[in-house]
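Please read the structure below before turning to the comments.
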Amino acid sequence: MSDLSAGFSEPPRRTKVPKFKWVAIIGVPLAAILFQVYVPRFFTYLAYLEMPLLVTVYYSLRRRSPPFGVVFGMCIGLAQDSLSNHPLGMFGIAKTLVGYFAASVSQRFEGSSDLLRLMLAFFFFFFHQFFYWLLSRALLGEAVSFEPVQTLVLAVLNAAVAVPLFRILDKLDVTD
Amino acid sequence: MDLILNRYRNLTALVAAILVQLVLLAYQVKSNQEVRLIRVWAVSAVTPLARLLEGGRSGSVNFFRDYFVLLDVREQNKRLQTDLNRVQLENQVLRSELDTAERGKALSVFQEQSGMKTVAARIIGNSPGSNGRVVLIDRGTGSGIQPGMAVITPDGIVGKIVSSYPTASNLLLITDPAFAAGVLSQKNRVHGTLKGTGNSNVIVDYVQNEQNVEVGEWFYTAGDDRIFPKGLLAGTVTAVRPGRTVKEIFLSPSGLQHGLEDVLVILEGDHKPIPDLPPPNQTVHLQPLPPAEGGTGLAGDPTNAASPSANNPSNNASNNNGGAQTDLDREVQRTRRIGEDQKHVFGERGRGAPDFNKIPDNKVPDPGARPASASPPSQTPAATPPVNQPRQ
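In order, the protein sequence lines correspond to chains A and B. Residues in the first sequence are numbered consecutively from 36, following our numbering. Residues in the second sequence are numbered consecutively from 5, following our numbering.
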């Protein structure tokens with residue numbers, strides 16, 4: 036509980052911005068994309084795990100820099116687009132927004148609180164899926180359906196995975 | 005201006021990034037062209053890693069599978085202490101090898117018999133995103149694959165190539181809503197357009213209500229889409245109902261029914277006539293089983309190996325009408341006789357196991373003896389013609 040109150044009250048500007056090695060910044064997103072490309076072949080239900088999105092949220096939260104979040108989200112989204120059959124930019128725009136908003140949130144709140152991470156992962160998954168659906172309909176004119184209940188359930192699952200995943204990624208922090 | 009940009013640096017970065025991507029998106033949608041360079045980079049970066057992962061996975065799976073098979077054999081050897089288990093192990097290994105080779109063999113037999121120039125490919129990844137029906141195959145432009153080429157299995161059509169890169173290609177499955185192909189029904193020669201629905205079924209569109217289509221009828225490719233050659237299996241009708249203007253016809257795609265691992269990409273197609281009879285299942289020619297050691301062995305009927313029961317050893321043993329084919333089958337028969345002699349019901353809870361040391365009154369056939377109904381090895385043809393056996 037103390038962790039929670041600290042997470043919401045402590046101004047993050049006073050704390051150090053975590054540093055990551057470039058290998059981690061490039062390797063982790065690549066691994067996340069590879070995970071989404073490869074693993075669902077054998078475990079179909081894991082296709083609903085949006086690892087690139089979770090990685091975007093994590094790095095944006097930790098770096099606390101909206102421009103970094105924008106570039107990071109854009110790159111990982113475009114990479115995801117490149118491997119899909121959709122036009123480039125669909126995942127890119129959605130993840131750019133996620134990166135920006137996650138970084139903006141981290142300027143207000145400390146991003147190391149588990150509860151905050153859970154809530155943000157939940158919110159950003161829903162936001163991402165909704166925005167992607169919106170783009171598909173508005174820009175591509177695709178008649179795809181959006182199922183809020185299913186998306187909410189998936190958001191919960193992704194949020195549940197996000198907390199331990201973020202803990203693991205915390206180990207890559209090389210700040211003294 | 006600079007002051008404003010600096011003051012709203014974050015927002016400026018966001019707007020710039022979104023604008024760039026919107027322009028990129030608009031360019032692709034308007035010109036109907038893709039930004040190939042970025043896709044080539046991404047696919048080229050991911051393909052070697054995916055191959056490495058696949059190699060590591062299959063290697064470790066094979067290692068552990070081999071290890072457990074050997075462990076199992078060792079335990080059986082300790083328990084039974086006879087040469088019977090060595091033959092049993094050989095049977096198991098042969099069966100597992102047959103299972104493994106069956107798909108590849110069917111593919112190569114089909115490749116030879118179809119008369120089309122094809123290239124075999126393996127699926128190495130899925131499209132990112134939960135709504136994608138696009139998979140990545142491990143062959144690309146280096147193998148002569150180009151966008152628009154048809155992809156099939158011996159069971160039927162699978163999809164088409166939507167983009168190809170030096171080392172990999174994207175395969176749009178027939179279940180994707182964006183997929184369409186011209187099809188023709190076998191019985192009534194009804195033309196329609198096969199479309200994906202996003203789930204496991206596909207539909208045939210643009211068939212007038214007046215036209216006759218029956219449940220169970222087969223649909224073949226019509227060849228008019230310039231992608232699939234005429235005469236390839238598309239699927240079987242599972243449901244038909246009249247719609248407002250056109251019939252609603254649901255098909256079970258035959259190409260996907262046995263899973264999707266290895267596929268054939270058609271480099272040069274060959275139109276074939278639509279057959280009058282329902283499609284036979286793929287034939288696989290198999291050599292007869294090798295004779296057992298010591299001259300008492302049996303040359304098994306090769307058709308058994310290609311039959312569905314060959315995939316299920318227990319069925320094979322229990323459904324054997326002409327006597328035990330293998331030592332394992334004879335051991336099963338012996339166990340059953342012991343059970344019947346002691347009035348033991350196998351599988352009943354709380355009954356334990358029969359006493360296997362008590363030999364039943366009626367003579368148990370010697371496990372090594374050849375059953376009277378079995379043919380001698382010399383009478384078994386060295387090579388039998390391929391047989392058509394239903395897969396399901």
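We put the beta carbon where it would ideally sit given N, CA and C, even for glycine. Because the structure is a prediction, the values reported are computed rather than measured.
Using DSSP with H/G/I as helix, E/B as strand and the rest coil, what is residue i?
i: B/Leu271; result: strand
i: A/Gly134; result: helix
i: B/Ala21; result: helix
i: B/Glu106; result: helix
i: A/Asn193; result: helix
i: A/Ser148; result: coil
i: A/Thr91; result: helix
i: B/Tyr71; result: helix
i: B/Ala243; result: strand
i: B/Arg13; result: helix
i: B/Leu264; result: coil
i: B/Thr179; result: coil
i: B/Tyr31; result: helix
i: B/Glu116; result: helix
i: A/Tyr167; result: helix
i: B/Gln215; result: coil
i: B/Pro151; result: coil
Out of curiosity, what's the CA-to-CA distance linking residue i and residue j?
i: B/Ala21; j: A/Thr131; result: 7 angstroms
i: B/Asn276; j: B/Pro233; result: A small fix is needed here, since residue 276 of chain B is Lys in this sequence, not Asn. If I take the Cα positions, the gap works out to 7 angstroms.
i: B/Ala182; j: A/Asn120; result: 10 angstroms
i: B/Leu360; j: B/Leu264; result: Reading off the sequence, residue 360 of chain B comes out as Phe, not Leu. When rounded, the distance between both Cα atoms is 45 angstroms.
i: B/Ala17; j: B/Ile127; result: 39 angstroms
i: B/Ser167; j: B/Thr145; result: 10 angstroms
i: A/Gly124; j: B/Ala46; result: 14 angstroms
i: B/Arg55; j: B/Lys251; result: 44 angstroms
i: B/Ile253; j: A/Leu207; result: 54 angstroms
i: A/Leu9; j: B/Leu74; result: Any answer about residue 9 of chain A is impossible in this case: the structure gives chain A only from 36 up to 211.
i: A/Ile60; j: A/Tyr94; result: 8 angstroms
i: B/Ser72; j: B/Ser62; result: In the sequence as presented, Ser is not what sits at residue 72 of chain B; that position holds Phe. The straight-line gap from Cα to Cα measures roughly 15 angstroms.
i: B/Arg230; j: B/Ile270; result: 12 angstroms
i: B/Ile141; j: A/Leu153; result: 36 angstroms
i: B/Pro257; j: B/Val113; result: 21 angstroms
i: A/Pro64; j: B/Gln190; result: 50 angstroms
i: B/Gly356; j: B/Arg334; result: 22 angstroms
i: B/Ile156; j: A/Ile68; result: 28 angstroms
i: B/Leu53; j: B/Arg40; result: 20 angstroms
i: A/Phe107; j: B/Gly273; result: 45 angstroms
i: A/Val90; j: A/Ala195; result: 14 angstroms
i: B/Gly152; j: B/Arg340; result: 57 angstroms
i: B/Trp222; j: B/Val241; result: 6 angstroms
i: B/Pro279; j: B/Gln261; result: 21 angstroms
Cα-Cα, which of the options is closest to residue i?
i: A/Phe136; options: A/Phe126, A/Gly104 and A/Ile111; result: A/Gly104
i: A/Val188; options: A/Leu88, A/Ala59 and A/Gln164; result: A/Gln164
i: A/Gly112; options: A/Val74, A/Gly176, A/Asp149 and A/Tyr167; result: A/Tyr167
i: B/His195; options: B/Thr201, B/Ile207, B/Asn203 and B/Gly202; result: B/Ile207
i: A/Ala66; options: A/Ala114, A/Asp208, A/Arg97 and A/Pro101; result: A/Ala114
i: A/Phe181; options: A/Ala194, A/Phe162, A/Leu118 and A/Asn193; result: A/Phe162
i: A/Pro102; options: B/Arg13, B/Val269, B/Pro257 and B/Gln346; result: B/Arg13
i: B/Asn130; options: A/Gln185, A/Phe55, A/Trp57 and A/Tyr80; result: A/Tyr80
i: A/Val52; options: A/Leu69, A/Leu96 and A/Thr91; result: A/Leu96
i: A/Ala129; options: B/Val33, B/Leu26, B/Val50 and B/Glu58; result: B/Leu26
i: B/Ala238; options: B/Phe114, B/Ala110, B/Ala124 and B/Asp159; result: B/Asp159
i: B/Leu57; options: A/Val106, A/Leu89 and A/Arg76; result: A/Arg76
i: B/Ser48; options: B/Glu116, B/Tyr224 and B/Tyr169; result: B/Tyr169
Leaving aside the five residues before and after residue i along the sequence, list all residues of the same chain whose C-beta is less than 7 angstroms from its C-beta, in chain order.
i: A/Ala71; result: Per the sequence presented here, residue 71 of chain A reads as Gln, with Ala not at that position. So the qualifying residues of the chain are Met86 and Pro87.
i: A/Val179; result: Trp168, Ser171 and Arg172
i: B/Asp228; result: Gly186
Got a sec? Which residues, its chain only, sit under 6 angstroms from residue i by beta carbon, not counting five neighbours each side?
i: B/Asn216; result: Asn192
i: B/Ala30; result: none
i: A/Asp149; result: Val198
i: B/Lys199; result: Ala184, Ile207 and Asp209
i: A/Tyr6; result: A question about residue 6 of chain A goes unanswered here, because the residues of chain A that appear run from 36 up to 211.
i: B/Val138; result: Ser131, Asn174 and Leu176
i: B/Pro358; result: Ile342, Gly343, Gln346 and His348
i: A/Lys54; result: Val209 and Thr210
For residue i, which residues of its own chain have a beta-carbon under 8 angstroms away from its beta-carbon, when the five flanking residues on both sides are left out?
i: B/Thr197; result: Ala184, Ala185, Gly186, Val187, Val208, Asp209 and Tyr210
i: B/Val244; result: Val217, Glu218, Val219, Lys251, Glu252, Ile253 and Phe254
i: A/Asp116; result: Pro122, Leu123, Gly124, Met125, Phe126 and Gly127
i: B/Pro246; result: Asn213 and Glu252
i: B/Leu111; result: Ala124, Thr157, Pro158, Asp266 and Leu268
Q: Answer yes if the segment 56-69 of chain B comes into contact with the segment 134-141 of chain A, meaning at least three C-beta pairs across the two stretches below 8 angstroms, and no otherwise.
A: No, the segment 134-141 of chain A is not in contact with the segment 56-69 of chain B.
Q.
Any contact between the segment 161-181 of chain A and the segment 197-210 of chain A? By contact I mean 3 or more CB pairs, one from each, below 8 angstroms.
A. no
Q) Are the segment 152-162 of chain A and the segment 190-198 of chain A touching by the rule of at least three beta carbon pairs closer than 8 angstroms? A) As far as the Cβ criterion goes, the segment 152-162 of chain A touches the segment 190-198 of chain A, which means the pair count is three or higher.
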